[in-house]
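In full-length UniProt numbering, the protein residues as written are 1 to 296.
Here is the structure we will look at.
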């Protein structure tokens, strides 16, 4: 149930409407410390995914424009791995988002960099659209790691078993996952995400996943460093209470949950995760962030 709070950090108080903050906190407490940077999830925050092109979430384009016009640094952090980064950027621009490539952080470029740096040859279980970007190393060389992304229909028994066998014959098995989500929303329905399949391989092979993407602190910190902002000065806005909200909080940021995307009312109250604030959509989150700007 929404609550009303008054934030008095300047000559004129700002009235806010948000859900309760962490245990022991007061309403609006998440805005009391300065916010100098914002991280935004993409799917479920900027647009809703579908079998077609997807649909923009009302108010989100204007909200992103307002962040830019206000001078508030922001970056997009996504675990989207079913489409090449450039294609995703083009889609966002077609929705009306004015974005630069440097503002988008996804696991694919980060994994490619890791594979080259450590001279790894990957066994790939990813979406066919991104295989070309991730195929590095000499053709025919034995795999030294398994790279697991959102393979959608490619998550067959045969393909999972092939990844399992590849790990079992490696002298030092490495399972690298592009994100670690449990599920996401696509075409108005929930779908299993990569973390579910990663757990199966972890259990079978006795390995731990190396996560590239949310909720990895290294992934968040890369975007924060690019903005020149400390974690305590940043807010993450997303529709995933685990990867977005909890991941951000463990990194030292504030985590705001939106009621768009895959959000369902059954998520709250969560037994272990308490968002710093719950808002209807990105537009409401930006309203509150910008209302508090300059008051700290």
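Yeah, the Cβ is synthetic: ideal placement off N, Cα and C, and Gly gets one too.
Within the same chain, show all residues whose beta-carbon is closer than 6 angstroms to that of residue i, passing over the 5 residues directly before and after it, in chain order.
i           : result
residue 190 : 183
residue 254 : 30, 235 and 276
residue 349 : It is not possible to answer for residue 349, since the shown part of the chain is limited to 1 through 296.
residue 125 : 148, 151, 159 and 163
residue 289 : 35
residue 193 : 181, 182, 183 and 184
residue 272 : none
Is residue i close to the ligand ATP? I mean its beta-carbon at under 7 angstroms from any heavy atom of the ligand.
i          : result
residue 66 : The ligand ATP is absent from the structure shown, which contains no ligand whatsoever.
Alpha carbon to alpha carbon, how far is residue i from residue j?
i           : j           : result
residue 146 : residue 223 : 25 angstroms
residue 251 : residue 217 : 6 angstroms
residue 127 : residue 151 : 4 angstroms
residue 239 : residue 172 : 36 angstroms
residue 36  : residue 219 : 18 angstroms
residue 280 : residue 117 : 42 angstroms
residue 69  : residue 270 : 35 angstroms
residue 246 : residue 141 : 39 angstroms
residue 274 : residue 64  : 25 angstroms
residue 106 : residue 62  : 23 angstroms
residue 242 : residue 207 : 22 angstroms
residue 120 : residue 210 : 14 angstroms
residue 188 : residue 87  : 22 angstroms
residue 227 : residue 221 : 10 angstroms
residue 291 : residue 52  : 36 angstroms
residue 94  : residue 101 : 14 angstroms
residue 157 : residue 99  : 39 angstroms
residue 205 : residue 170 : 11 angstroms
residue 58  : residue 268 : 23 angstroms
residue 264 : residue 115 : 37 angstroms
Give me whichever residues DSSP pairs with residue i in a beta bridge.
i           : result
residue 132 : DSSP output for residue 132 lists no bridge partner at all.
residue 186 : 189
residue 176 : 147 and 210
residue 236 : 39 and 255
residue 123 : 146
residue 66  : DSSP lists no partner for residue 66.
residue 47  : 43 and 56
residue 277 : 256
residue 104 : 76
With 16 as the cutoff for other CB atoms within 10 Å, does residue i come out buried or exposed?
i           : result
residue 180 : buried
residue 249 : buried
residue 225 : exposed
residue 80  : buried
residue 186 : buried
residue 138 : exposed
residue 111 : buried
residue 28  : buried
residue 197 : buried
residue 237 : buried
residue 266 : exposed
residue 195 : buried
residue 229 : buried
Do residue j and residue i have their beta-carbon atoms positioned less than 8 angstroms apart in this structure?
i           : j           : result
residue 202 : residue 160 : no
residue 104 : residue 122 : no
residue 49  : residue 232 : no
residue 244 : residue 199 : no
residue 178 : residue 212 : yes
residue 40  : residue 76  : yes
residue 56  : residue 96  : yes
residue 42  : residue 78  : yes
residue 54  : residue 113 : no
Counting only the same chain and skipping the five closest in sequence on each side, list residues whose C-beta sits under 7 angstroms from that of residue i.
i           : result
residue 67  : 38, 74 and 286
residue 84  : 129, 130 and 133
residue 44  : 185, 239, 260, 261 and 262
residue 284 : none
residue 109 : 85
residue 168 : 205
Near residue i, which residues of its chain fall below 8 angstroms by C-beta distance, leaving aside the five closest residues on each side in sequence?
i           : result
residue 166 : 123, 143 and 146
residue 293 : 35, 70 and 72
residue 154 : 125, 126, 127 and 128
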